[in-house]
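Trainee: Every letter in the sequence shown is one number past the one before it in our numbering, and letter 182, counting from 1, is 194.
By construction, the Cβ of each residue, glycine as well, lies at the ideal position given by its N, Cα and C atoms.
I'd like to ask you about the structure that follows.
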Amino acid sequence: MKKLLPSTLLVLLSVLFTQQSQAQATVNSTTGYSVYMDVRPVRVIVTQFWGDGYNYQVEMSYTVRFSGSNAPSNLWNMNGTLGCTNKTNGFQIPAKAGSGTVTTWNTTASGDYRKASLSSLGCNAVTMEIEGPGIARQSVSVAQPIVLGVKMASFNAALNSNRVSLDWSTASEDNNDFFTIERSANGGSWSAIGQVKGAVNSSSVNFYQFTDAAPLTATSYYRIRQTDLDGKSTVSDIKTVNNSSISKTISLYPVPNSGNNITVTGIREYSNQQLAVISSNGNVVYNTTMSSSSVELPKLSTGFYFIRITDKISGEVTNIRYIKN
Numbered sequence: 013m014k015k016l017l018p019s020t021l022l023v024l025l026s027v028l029f030t031q032q033s034q035a036q037a038t039v040n041s042t043t044g045y046s047v048y049m050d051v052r053p054v055r056v057i058v059t060q061f062w063g064d065g066y067n068y069q070v071e072m073s074y075t076v077r078f079s080g081s082n083a084p085s086n087l088w089n090m091n092g093t094l095g096c097t098n099k100t101n102g103f104q105i106p107a108k109a110g111s112g113t114v115t116t117w118n119t120t121a122s123g124d125y126r127k128a129s130l131s132s133l134g135c136n137a138v139t140m141e142i143e144g145p146g147i148a149r150q151s152v153s154v155a156q157p158i159v160l161g162v163k164m165a166s167f168n169a170a171l172n173s174n175r176v177s178l179d180w181s182t183a184s185e186d187n188n189d190f191f192t193i194e195r196s197a198n199g200g201s202w203s204a205i206g207q208v209k210g211a212v213n214s215s216s217v218n219f220y221q222f223t224d225a226a227p228l229t230a231t232s233y234y235r236i237r238q239t240d241l242d243g244k245s246t247v248s249d250i251k252t253v254n255n256s257s258i259s260k261t262i263s264l265y266p267v268p269n270s271g272n273n274i275t276v277t278g279i280r281e282y283s284n285q286q287l288a289v290i291s292s293n294g295n296v297v298y299n300t301t302m303s304s305s306s307v308e309l310p311k312l313s314t315g316f317y318f319i320r321i322t323d324k325i326s327g328e329v330t331n332i333r334y335i336k337n
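Here's what the structure looks like:
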């Protein structure tokens, strides 16, 4: 179940777990109801890059619940800010009960876009401005992430022959007891589907894998929960896999590829397809609308990627593993 992976494959792919309990806040109204919020950064999405800089957004996961009496159908305002190093990124979530994901507004950063991650950008504090019936406008801090004992290097999920293959690796582990694989149909309610023993203490790179033999028939969300020997629990970024008969027909070649051109087959209307290249640490390094089966990719570093193809009409998403030599 556990293998050592050459460290050269994992250089600059550090993604840290953050403590789940610190991403929650509750606001009480004067009319009898309370608002529970769980808002957290999920991953960095690079939207454009150039020689010494890039633009990025951060995907935010949210869950909002009302409890008590006289709860309204909607609040008036739920605007948020994500505090990163030297940057404040704005976003907005629906002002009602529910769960899902949104993205922050576009932000510019300097440096190598391939190194962009939540930890490297220092994105570790969420503040929500809330206002509604019986709740005066106020700002509430809902995230103060704390780095714990496991340093994640990668986490991937892909559909393979009606099964979902999940693999992840750690750069180091300190008092790590085990990993729990969790799955969700909506990104809000999670169920455990498996468990993998951790290395306890390790300064070497360790590789783990798990197969979901019976994935959901539509979209599945996956995350890894890490538990320390003292019982402290943390969660990883979220990965999305679409399991549909339409997405299984799409393929691409050559793989592995030493050049920059690829051919994608199994699509009827290429102009309806959005193609993105996802690095092994979850960042979007290239994004384009397809016009034909032939696509010229930018010059990529050697390593593993995913090609994500999204049908803009149906919303169907296909993730295909891609190797650049």
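Within 10 angstroms of the Cβ of W117, are there 16 or more other Cβ atoms? Answer buried if so, exposed if not.
Mentor: Under this definition W117 is an exposed residue.
Trainee: Exposed or buried, which one is G294 when buried takes at least 16 other CB atoms within 10 Å?
Mentor: Buried.
Trainee: Going by C-alpha to C-alpha distance, which of T314, Q150, Y317, S283 sits closest to K324?
Mentor: Nearest C-alpha to K324: S283.
Trainee: Check whether the segment 173–189 and the segment 136–154 touch, using three or more Cβ-Cβ pairs below 8 Å as the test.
Mentor: Too few Cβ pairs lie closer than 8 Å, so no.
Trainee: Roughly how many angstroms lie between the CA atoms of C96 and M49, to the nearest whole one?
Mentor: When rounded, the distance between both Cα atoms is 20 Å.
Trainee: Measure the CB-CB distance between K108 and S85 and report whether it falls below 8 Å.
Mentor: Yes. Within cutoff.
Trainee: Please work out which residues of its chain come closer than 7 Å, Cβ to Cβ, to N101, disregarding the five sequence neighbours upstream and downstream, and give them in chain order.
Mentor: Cβ within range, chain order: V70, T93, L94, T116, W117, T119.
Trainee: Would you tell me roughly how many angstroms separate the C-alpha atoms of Q207 and F219, rounded to the nearest one?
Mentor: Using only the alpha carbons, I get a separation of about 14 Å.
Trainee: So if DSSP puts D50 in a beta bridge, which residue, or which two residues, is it bridged to?
Mentor: BP columns for D50 point to Q36, T75.
Trainee: Measuring alpha carbon to alpha carbon, tell me which of P227, F191, D240, I319 ends up nearest N269.
Mentor: Selected option, being the one with the closest Cα: I319.
Trainee: Closest to S305 by CA distance: which of E281, A169, V154 is it?
Mentor: Nearest option by C-alpha distance: E281.
Trainee: Whole alpha helix (DSSP H) runs in the segment 115–172 with 4 or more residues, listed along the chain?
Mentor: Within the segment 115–172, the complete alpha helix (DSSP H) runs of at least 4 residues are 130–133.
Trainee: Whole angstroms are fine: how far does the CA of I193 sit from the CA of V51?
Mentor: Going from the Cα of V51 to the Cα of I193 covers about 21 Å.
Trainee: Under DSSP, the beta strand (DSSP E) around W180 begins and ends at which residues?
Mentor: 175–196 is the span of the beta strand (DSSP E), which, as asked, contains W180.
Trainee: Under the DSSP definition of a beta bridge, which residues are partnered with D242?
Mentor: DSSP lists no partner for D242.
Trainee: First and last residue of the beta strand (DSSP E) that includes K251?
Mentor: That run of the beta strand (DSSP E) goes 251–254.
Trainee: Might you give, ordered along the chain, the residues of its own chain that have their beta carbon closer than 7 Å to the beta carbon of L228, omitting 5 neighbours on each side?
Mentor: Excluding residues within five positions, the ones whose Cβ falls inside 7 Å are A197, N255.
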